[in-house]
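J.: Taken in order, these protein sequences are the chains called A and B. To convert, note that position 145 of the first sequence is 147 in the working numbering; the numbers rise steadily by one, no gaps. To convert, note that position 2 of the second sequence is 5 in the working numbering; the numbers rise steadily by one, no gaps.
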Amino acid sequence: MASSATVTANQLIIMAELKLFRTWSSPFPLRVVWALDFKGIQYDTIFEDLSNKSSLLLQYNPIYKKVPVLVHNGKPLLESLVILEYIDETWKQTPLLPEDPYERATARFWAKFGDDKVLPSIWNVFIKQGKDQEEAIVTAQENLGFVERQLTGKKFFNGETIGFVDLAFGWLAKLLSLWEEVCGVTLIDHEKFPLLSEWIQNFADAPIIKESWPPRDKLITKYQALLEVYTSKEAPK
Amino acid sequence: MAHEVVLLDFWPSMFGMRVRVALAEKGIKYEYKEEDLRNKSPLLLKMNPIHKKIPVLIHNGKPVCESLVIVQYIDEVWKDKNPFLPSDPYHKAHSRFWADFIEQKVYDTARKIWATKGEEQEVAKKEFIETFKILEGELGEKPFFGGETFGFVDIALITFYSWFYTYETFGNFSIEAECPKIIAWAKRCMQKESVANSLPDQKKIYEFTVWMKKYFGMD
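Given below as structure tokens:
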């Protein structure tokens with residue numbers, strides 16, 4: 003396995019043209035940033051303004067018109083978790099997924115659980131009020147309980163080092179506390195979720211991850227504004 | 004004697020069907036266990052405690068959940084026969100993207116066609132046709148989504164075909180009229196034993212849906 007410090011001729015050819023379309027704040031392109039940075043891969047970044055999408059973005063992702071898009075030698079890759087697997091298969095250093103098919107299936111299951119259930123349930127806590135929010139909290143904590151148990155005996159979901167599932171859940175390490183602060187609800191605490199709390203600390207402060215976070219004050223402003231939009235929708239007329 | 008491969012399933016589920024097709028494609032012998040979803044078995048609850056859903060593949064006692072995760076697992080374990088995914092990373096990613104598109108776009112919309120009425124149903128029909136027109140575009144002139152051979156994306160989509168008569172009858176429309184290439188592709192898939200033996204008869208699915216609507220008071 004090539005060490006991350008050595009760049010072979012092959013890798014130079016593969017690296018030839020790599021562009022990542024992202025926004026300053028979206029957590030999904032961040033997964034791709036992390037994967038590429040972990041593997042020591044060079045790439046160009048194009049920041050998109052989603053209220054004014056570039057014609058290139060629309061050309062590369064006509065179906066969803068979203069970020070991230072990774073363009074490798076002119077060919078677009080879409081959907082962050084699909085992109086992560088592509089990166090892992092194309093550049094073999096610092097593998098993100100295990101080799102064993104059962105462990106790979108387990109990793110894919112947890113990444114899907116994160117996106118399909120955990121994230122939407124936490125988002126619901128953020129945007130809802132009153133009784134709806136109380137119900138959302140119950141669901142979110144149930145989901146987080148499953149995640150907590152998955153960390154039993156491990157520092158990261160991947161074991162000793164960061165891997166696919168850690169990157170998939172990476173948004174949790176920064177956005178959860180942020181959303182808790184903005185909407186005034188605490189979803190996890192050190193007593194009830196000791197492993198998850200540890201993981202959040204370890205992940206957020208890990209090299210490469212640490213340097214990648216968008217500015218916190220800017221994120222707070224963004225989510226405060228978003229919350230106002232949701233609360234004004236729900237306000238009695 | 005314990006079976007090496009067990010599938011917990013529910014016969015009308017298009018998600019369970021995907022796993023049946025995948026196992027048949029690889030020629031894997033397995034034990035099929037029908038679940039009564041109103042009375043889930045202790046085994047199901049133990050093997051899928053998070054979602055409590057089928058399909059679950061149990062391989063040497065260890066559970067794999069979520070149909071497309073299972074299909075990829077089957078492809079990776081029994082890798083020497085009928086690969087479902089192309090070998091090069093870009094085309095693999097392309098297949099995964101389209102399987103994910105099917106996952107995101109088909110089920111909820113399709114469900115609304117038989118489960119709702121009036122305006123909601125009309126919107127669902129429109130979205131359904133739009134989605135399948137996009138899929139037709141992706142299929143192009145290829146015999147299968149996988150190209151010359153039946154593959155991952157074909158497996159992800161073909162199982163919905165068993166529900167087409169149900170959608171058309173409740174929705175009062177013809178999928179073939181709107182998306183003839185999709186029907187041609189589906190019939191091509193149905194010529195494969197692995198598919199034909201894994202999908203229930205379309206009329207049986209319709210009868211099941213009629214029964215289910217009555218049972219849950221959805222009429």
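Note that CB positions come from ideal geometry on N, CA and C, so glycine has one too.
Three or more C-beta pairs closer than 8 Å, one from the stretch 106-116 of chain B and one from the stretch 127-146 of chain B: is that the case here?
T.: Contact holds: three or more Cβ-Cβ distances are below 8 Å.
J.: Tell me the rounded alpha-carbon separation between A:LEU146 and B:ARG191.
T.: The alpha-carbon atoms of A:LEU146 and B:ARG191 are separated by roughly 44 Å.
J.: Could you check which residue in A:SER57, A:GLU136, A:ALA109 and A:VAL73 has the C-alpha nearest to that of A:LEU22?
T.: The option with the nearest alpha carbon to A:LEU22 is A:VAL73.
J.: Measure from the C-beta of A:THR141 to each C-beta in chain B and report whether the shortest distance is under 9 Å.
T.: With 9 Å as the cut-off, A:THR141 does not count as an interface residue toward chain B.
J.: What are the start and end residues of the alpha helix (DSSP H) that includes B:LYS128?
T.: Residues 121-142.
J.: Per DSSP, which residues does B:TYR35 bridge with? Please list them.
T.: Its beta-bridge partners are B:LEU10.
J.: Could you tell me the alpha carbon to alpha carbon distance between B:PRO15 and B:TYR168, rounded to whole angstroms?
T.: Their Cα atoms are separated by approximately 13 Å.
J.: Quick check on DSSP: helix, strand or coil for A:PHE23?
T.: Correct three-state label for A:PHE23: strand.
J.: For the putative contact between A:VAL127 and A:VAL184, defined by C-beta atoms under 8 Å, what is the C-beta separation to the nearest angstrom?
T.: About 11 Å; that fails the 8 Å criterion.
J.: Give me the Cβ distance between B:TYR170 and B:TRP117, rounded to the nearest whole Å; I'm assuming they're in contact under 8 Å.
T.: B:TYR170 to B:TRP117, Cβ: 6 Å. Contact.
J.: For A:VAL71, name the three-state secondary structure that DSSP assigns.
T.: Strand at A:VAL71.
J.: How about A:ALA206: is its C-beta nearer than 9 Å to some C-beta of chain B?
T.: For A:ALA206, the answer is no, since every Cβ of chain B falls outside 9 Å of its Cβ.
J.: Taking only beta carbons into account, state which residues of the stretch 35-69 of chain B come closer than 7 Å to chain A, listed in chain order.
T.: Those would be ILE53, LYS65, VAL67, CYS68 and GLU69, in chain order.
J.: Would A:ALA37 count as contacting chain B if we go by Cβ distances under 9 Å?
T.: Closer than 9 Å: no.
J.: For A:SER53, does the count of other Cβ atoms within 10 angstroms reach 16, so buried, or fall short, so exposed?
T.: By the 10 Å Cβ count, A:SER53 comes out exposed.
J.: Which residues of the stretch 126-147 of chain B have a Cβ closer than 9 Å to any Cβ of chain A? Give them in chain order.
T.: So the close ones are ILE137.
J.: State the Cα-Cα distance for the pair B:LYS2 and A:GLN203, rounded to the nearest angstrom.
T.: This structure gives no information on residue 2 of chain B, because the portion of chain B shown stretches from 4 to 222.
J.: Have a look at A:GLY165 and B:ASN63 and give me their C-alpha separation to the nearest angstrom.
T.: Roughly 26 Å separates the two Cα atoms.
J.: Using a Cβ-Cβ cut-off of 9 Å, state whether B:ARG23 counts as contacting chain A.
T.: For B:ARG23, the answer is no, since every Cβ of chain A falls outside 9 Å of its Cβ.
J.: For chain B, is any of its Cβ atoms less than 9 Å away from the one on A:VAL249?
T.: No answer is possible for residue 249 of chain A: it lies beyond the span of chain A, which begins at 3 and ends at 239.
J.: Assuming the contact rule is C-beta atoms closer than 8 Å, A:PHE205 and A:ALA175 should be a hit. Round their C-beta distance to whole Å, please.
T.: With a Cβ gap of about 4 Å, A:PHE205 and A:ALA175 count as contacting.
J.: Rounded to the nearest angstrom, what separates B:ASP83 and B:ALA27 at their Cα positions?
T.: So the alpha carbons of these two residues sit roughly 14 Å apart.
J.: Count the other CB atoms within 10 Å of the CB of B:ALA127; is the residue buried (16 or more) or exposed (fewer)?
T.: The residue is buried, with at least 16 neighbouring Cβ atoms inside 10 Å.
J.: Alpha helix (DSSP H) containing B:HIS62: first to last residue?
T.: Not the alpha helix (DSSP H): B:HIS62 falls in the beta strand (DSSP E), residues 59-62.
J.: Compare the C-beta of B:ARG114 with all C-beta atoms of chain A and state if any pair is closer than 9 Å.
T.: Cβ-Cβ to chain A under 9 Å: no for B:ARG114.
J.: Taking only the alpha-carbon atoms, compute the straight-line gap between A:ALA37 and A:THR96 and give it to the nearest angstrom.
T.: Those two C-alpha atoms are separated by around 9 Å.
J.: Give, in chain order, every residue of the stretch 88-109 of chain B whose Cβ lies closer than 8 Å to some Cβ of chain A.
T.: Cβ contacts with chain A: PRO92, TYR93, LYS95, ALA96, ARG99, PHE100, ASP103 and PHE104.
J.: Expressed to the nearest angstrom, what Euclidean distance is found between the alpha-carbon atoms of A:PRO216 and B:ILE208?
T.: If I take the Cα positions, the gap works out to 50 Å.
J.: Using a Cβ cut-off of 9 Å, pull out every chain A residue sitting near B:GLU122, in sequence order please.
T.: In chain order: nothing, as chain A lies at least about 22 Å away.
J.: Given that a residue counts as buried once 16 or more other Cβ atoms are within 10 Å of its Cβ, and exposed if not, what is A:SER5?
T.: Caution applies to A:SER5, whose pLDDT of 49 falls short of 50 and renders its modelled position unreliable; the value that the coordinates give is listed next. A:SER5 should be labelled exposed.
J.: Taking only the alpha-carbon atoms, compute the straight-line gap between A:LYS239 and A:ASN160 and give it to the nearest angstrom.
T.: Residue placement at A:LYS239 is flagged as unreliable, the pLDDT there being 49, under the threshold of 50; a coordinate-derived value is accordingly withheld.
J.: If B:VAL22 and B:VAL74 are in contact, beta carbons under 8 Å, what's the gap, nearest whole angstrom?
T.: The Cβ separation is near 7 Å, so the contact holds.
J.: State the Cα-Cα distance for the pair B:ALA5 and A:SER82, rounded to the nearest angstrom.
T.: The predicted model places B:ALA5 with a pLDDT of 43, which falls under 50 and marks its position as unreliable; any figure quoted below should be read in that light. Roughly 39 Å separates the two Cα atoms.
J.: Using 10 angstroms around the beta-carbon of A:GLN152, count the other beta-carbons present and answer buried if the total reaches 16, otherwise exposed.
T.: So A:GLN152 ends up on the buried side.
J.: Could you name the residues of chain A that B:TYR76 contacts, counting a contact when the two beta carbons are closer than 9 Å?
T.: What B:TYR76 touches in chain A: PRO103, TYR104, ARG106, ALA107 and ARG110.
J.: I'd like to know whether the C-beta atoms of B:ILE137 and B:VAL24 end up nearer to each other than 9 Å.
T.: In this structure, B:VAL24 does not lie closer than 9 Å to B:ILE137 by Cβ.
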